[in-house]
Each structure stands twice: as C-alpha cells, then as structure tokens.
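See below for the structure under consideration.
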Amino acid sequence: MPAHHSEASVLPMIRSEFRKITTVRSPWLLLAAGPLIVVAGITGLVESGGNVHDPALQGQAYAHVGLAAICTLIFGILAVAGEYRHATITDTYLSCPRRRRVVTAKLAVYGLTGAAAGLVSSLVAIAVTAAWWSARGGAFHLSATGAWVTLAGGVAANLAFAAIGVGLGALIRNPVAAIASALAWIALVEGIAGQLVGAGLARWLPFYASEALDRASLRAATRLLPQWGGGLVLAGYAGVFAAAALISTLRRDVT
Amino acid sequence: MELEVRGLTKSFGQVTAVRDVSFTVRAGTVTGFLGPNGSGKTTTLRMVLGLVRPTAGQVLIGGVPYERLTRPRTCVGALLEATGFHPGRRARDHLRVLAAAGRIPDDRVEEVLSQVQLTRDAGRRVREFSLGMRQRLGIAAALLGDPQVLLLDEPANGLDPAGAAWLRGLLRAQAGEGRTVLVASHVLSEIAQTVDHVVIVSAGQLRFAGPLSEIGDTNAALESAFLSLTTTP
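Line by line, the protein sequences are chains U and S.
Sequential numbering of the first sequence, starting at 1, is according to the working numbering.
Sequential numbering of the second sequence, starting at 1001, is according to the working numbering.
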C-alpha cells in the first residue's frame, strides 16, 4: 500500500470524528464548563481583594484559561473510553480496521477542538477581565505585559490536555475510572508526589508544567519551569500518552 | 465474494475458545452459523472482522484479510450483538457518522433508513428506540456500504413476527443478488426457513458444514441433528 494512500485515508475518520462530537450534547456541555471556570475564577480573583491597579493581576486573571484545560482533559478521555462505554468502538474499527488511523484522527480532532475551546475561554477571559477592570476603575490594556503570552500558553494547555485525555482514555477504557484517576491525580497525587520528590523535580510533573505554561504559579513556593519549558514538558507528556494509546490499541482484542 | 475461514484458533489464556475451525461461505447463499452458547460463534465472527486477533489461522474475504480491505464497509456489512449506539445520538446521525468513516455518500443513509423502515423515526435519539428498532438500525448500518458480504449475529433478536418475516425476505433477496450472507442464530426454526447451508460449531470446534438438505430441512430434523452434533459425548 503506497504511503500517500494511507495518509489520505485518515481524512474520512477525521470527518467521522467531527460528526460524532457534533451530533451529541455531552461534549458541548463539557466544553462550555471551561469558560464558566474562567468567569468564576477571574471574578473570585477580583472579589477576594485583587488589586486591579497591580499590573501583574491581569496576567493572573488570564492564567485561568489554563485551568479550563481540565475540561478538555475530560473531553479527550471520552474520545476512546466513551466509545467503549457505548460499544460504538466496534463500528469504528469495522469502518477503519487500521487502528493507528483511528487514534490519529481522534488526536487531531480532539486536539483541535480542545485548542478551539481554549480560544473561546481566552476571549471570555479578556471580556470578563475588561469588565471587572472597568467596574473597579483599573486601567485595562489589551497589550498588558505578558498578556498574550499567558493566553497563548493557556490555549496550548487546552490542546495538550485534550491529547493527554485521548491517550488516558485509550489506556483506561472505563470512562468513570479514567476521569476519577485524572481528577485524583490533579487534586491529590501530584501534590503529594511533588512534595516527596522535592521542588527541583516536581516542576517536571504534568500539572506543575502546565502551571508554568499558563504562568499561573498557583503554588508560589514551587520554582516552576520557564513557560517554554513547561510547554515542552507538557508536549512530551502528550506525546507519551498518545504513543501509549497507539501501542495499547493496536493489538487489543475488542470483545 | 467468498468468505474463507482457515484453521482458525483462538486461546484466551488457558481457555481455547475456537479450535482449528475451517469453512467456506459461498456467494449467492444464506449460510446459518449455529452453536450453543459459548461455542465460539461470536469469537469466530469477531476474528473474521479483525476485532479479535486469531492465535492461529486466518480469514480471507474475497482473498483478502479484513484488515487489508481498502473500504471495508463496501465489502462487508456486519451486525454484532455488542454493536452499540450512543443513546443521545439520533438514528440518522449514527448512520452519517458511519457513512463519513466509510467514504459512503450521505444519500445512502436515506436509502437504508427507508429499506429498514426507519425513515419516520430517523430524527429520534436512539435512547427512545425499542430493541426491535435498534436491531433495524444495526441492520441499516450493515447495509450502508451496499456490501457483497453480510455477517449478522442474531439479527432477528427483538423483531416482531412481521419484522422477522421482513428480515427473511431481505436475506433471501441479498443472496439472490449474488451476495454472501452468514447468519448466526439460536433460533433453529428461523434458520430452517431461511438458509441453504449450515455451519455448526460446539465447544469451539466445527461439527458440521454443508447444505441444510444433508441434515434435513424440517424444523424437527434440524433440531435433532443440532442436538446430536452439539452434545458433547
């Protein structure tokens, strides 16, 4: 089979994956939660005494776009695990027995949609920040220091976590177990692991890297990687999960 | 297009689910695939479709393994027991998802919906469907690519008597057009009325493959032959 042929054949699976997510409601409800997190987070930041005259505060507000990536992570998990739950994976593989193409198409579609969700969250973040700054008499500048860099990092985090989710859902095919593992890791495990290995190593863990990418510094005590470093580390995790998804998917029996 | 099963074996750990099974399903016939629960029917069908990897042996569809078919849905249409639907997706959208993946024009979706008499309900979400309607939707999915080979696992499941009669007519018509039809079923009376050939497996092994007339084409004859072939001595 010539190589150009196999590349061309990913396109029908990409179309099919887009049709899958546009014909059910759950992905949109899930992705709509991202901008809501941003609104709630920025509102909380200002209401809890954030000084809108502090030039750094605008960046902290925008960092919430990266937090919204928790939604694209779950969205990604459902790409494969959701298909196992509803047993639609059988029909997917009947359409395309070359499973590498199935996983590739899912990574592309969920990654792109995750990035698009990150863009929407960014626009919402700008609007909400502008509204609060004007309400509190702060000087709002679209070109504030680091604003665009922070937003770009947030969008990248939304993309990367969608891809990590696709991989995780392919490894743990039970969606409840996969989502519970991911949330437990975020809420608990990574924090403990971070303390055990020490700050020097902790910054290489996925959510520390993500904080570096969003420039969120939620855990101020930890010395984070530079933003580009956080981006590379997160891209590395996405690559590892994607590869694990491929390897575990290619040979597994679907019974 | 012929379906050729050659020396198929599948072991799950210590358990051998299918042991050295070989048979051929010819074009232009309806072949019944019979066997008690746990006899390896479903595992065999899943190996035919590339979903389960055989421990040994191979399956050729028109001379090619399923994984090597360029547009599988246009060669083989399958309805499996565990083929699922997203409950929140509308019936028409379910078929449009499959059409996109199989590079099949969307017009075909309306054709198969009308063929299985679901046009009126195509805009409803699958969670509102009865078992019989889901079965019809699964059959529509199998027919979508206008395939040369049809593999159906318990297709009459959930169909009312009128639906079962309709299904019989459909299978006969498909074979009449020269297609290859393999139907796995428990319902011997259904099989006796529909098929030309039978393949009988039990405990993962082939017990019989040949024309139905060889073991008797009345209901009672098929039943007694089935029971004696599948009872382990």
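From the three backbone atoms N, C-alpha and C, an ideal C-beta is built for every residue, glycine too.
request  = Please confirm if proline 97 of chain U has its CB atom under 8 Å from at least one CB of chain S.
outcome  = yes
inquiry  = If I follow the unbroken beta strand (DSSP E) through valine 1064 of chain S, where does it start and stop?
reply    = For valine 1064 of chain S, there is no enclosing beta strand (DSSP E), since its DSSP letter is neither H nor E.
Cβ neighbours of serine 1039 of chain S in the same chain (closer than 6 Å, five flanking residues each side left out) = Val1201 and Ser1202
inquiry  = Check whether the segment 174–183 of chain U and the segment 74–82 of chain U touch, using three or more Cβ-Cβ pairs below 8 Å as the test.
reply    = These segments touch.
key: Cutoff 8 Å; reference proline 1087 of chain S; Cβ partners in own chain excluding five residues on either side   = Arg1125, Val1126 and Arg1127
Coil, strand or helix - threonine 1218 of chain S by DSSP = coil
ask   = Are the C-beta atoms of leucine 1098 of chain S and some chain U residue less than 8 Å apart?
value = yes
key: Length-filtered (4 minimum) alpha helix (DSSP H) runs lying within the segment 20–78 of chain U   = 26–47, 55–62 and 64–67
query = Are any of the Cβ atoms in chain U nearer than 8 Å to that of alanine 1112 of chain S?
reply = Correcting the residue identity first, residue 1112 of chain S is valine in this sequence and not alanine. For valine 1112 of chain S, the answer is no, since every Cβ of chain U falls outside 8 Å of its Cβ.
message = Can you tell me where the alpha helix (DSSP H) holding valine 954 of chain S begins and where it ends?
response = Outside the modelled stretch of chain S, which goes from 1001 to 1233, sits residue 954 of chain S, for which no answer is possible.
query = Within the chosen definition, does the segment 1104–1114 of chain S reach the segment 20–34 of chain U through at least 3 CB pairs nearer than 8 Å?
reply = no
key: Beta-carbon spacing of glycine 114 of chain U, threonine 72 of chain U below 8 Å   = For the pair glycine 114 of chain U and threonine 72 of chain U, the CB atoms are nearer than the 8 Å cut-off.
request  = Count the other C-beta atoms from every protein chain shown that fall within 10 angstroms of the C-beta of glycine 41 of chain U, then say buried if there are 16 or more, exposed otherwise.
outcome  = buried
query = Looking at chain U, which residues of the segment 1140–1151 of chain S have a Cβ within less than 8 Å of any of its Cβ atoms?
reply = Ala1141
query = Would you say alanine 12 of chain U reaches chain S, if we count a Cβ-Cβ gap shorter than 8 Å as a contact?
reply = The question names alanine, yet the displayed sequence has proline at residue 12 of chain U. It does; some Cβ of chain S falls within 8 Å.
request  = For valine 294 of chain U, count neighbouring Cβ atoms within 10 angstroms of its own Cβ and tell me buried if that reaches 16, exposed if not.
outcome  = Residue coverage of chain U in this structure runs from 1 to 255, which leaves residue 294 of chain U outside it and unanswerable.
ask   = Does the beta-carbon of threonine 1231 of chain S have 16 or more other beta-carbons within 10 angstroms, so that it is buried, or is it exposed?
value = exposed
request  = Could you please give me the residues that DSSP links to histidine 1197 of chain S through a beta bridge?
outcome  = Answer by DSSP bridge pairing, in chain order: S:Thr1031 and S:Pro1211.
query = Which chain U residues sit within Cβ distance under 9 Å of glutamate 1154 of chain S?
reply = Here the premise fails: no neighbours, minimum Cβ distance about 15 Å.
query = Which residue's Cα is closest to the Cα of aspartate 1106 of chain S: S:His1094, S:Val1116 and S:Gln1117?
reply = S:His1094
request  = Spell out whether any CB of chain U is found under 8 Å from the CB atom of leucine 1080 of chain S.
outcome  = yes
inquiry  = Counting beta carbon pairs with one atom in the segment 184–202 of chain U and one in the segment 148–164 of chain U, are three or more of them shorter than 8 Å?
reply    = no
query = Are threonine 255 of chain U and valine 103 of chain U closer than 8 Å when you measure CB to CB?
reply = no
query = In its own chain, which residues sit with a C-beta less than 8 Å from the C-beta of glutamine 941 of chain S, not counting the 5 before and 5 after it?
reply = Shown here, chain S extends from 1001 to 1233; a query on residue 941 of chain S therefore has no answer.
ask   = Given that a residue counts as buried once 16 or more other Cβ atoms are within 10 Å of its Cβ, and exposed if not, what is phenylalanine 1226 of chain S?
value = buried
request  = Please check the pair asparagine 1157 of chain S and glutamine 1135 of chain S, which I expect to be a contact at CB under 8 Å, by giving their CB distance rounded to whole angstroms.
outcome  = 6 Å
ask   = By how many angstroms is the C-alpha of leucine 1131 of chain S removed from the C-alpha of phenylalanine 1085 of chain S?
value = 12 Å
query = Between which two residues does the beta strand (DSSP E) harbouring threonine 1024 of chain S extend?
reply = 1015–1025
ask   = Is it right to say tryptophan 148 of chain U is buried, meaning 16 or more other beta carbons lie within 10 angstroms of its own, or is it exposed?
value = Exposed, since its Cβ has fewer than 16 Cβ neighbours within 10 Å.
ask   = So is the beta-carbon of leucine 1171 of chain S under 7 Å away from any non-hydrogen atom of the ligand ATP?
value = Looking for the ligand ATP in the displayed structure turns up nothing, as the structure carries no ligands at all.
key: Three-way DSSP call (helix, strand, coil) for histidine 5 of chain U in this model   = Because histidine 5 of chain U carries a pLDDT of 49, less than 50, the predicted location of this residue cannot be relied on, and the following value inherits that uncertainty. Helix, per DSSP.
task = Leaving aside the five residues before and after leucine 171 of chain U along the sequence, list all residues of the same chain whose C-beta is less than 7 Å from its C-beta, in chain order.
result = Ala244, Ala245 and Ser248
key: Sequence-distant residues of the same chain with beta carbon closer than 7 Å to threonine 1043 of chain S, five excluded per side   = Lys1010, Ala1017, Val1018 and Val1052
message = I'd like to confirm the pairing. Which residues does DSSP put opposite lysine 1010 of chain S in its beta bridges?
response = Under the DSSP definition of a beta bridge, lysine 1010 of chain S partners with S:Val1018.
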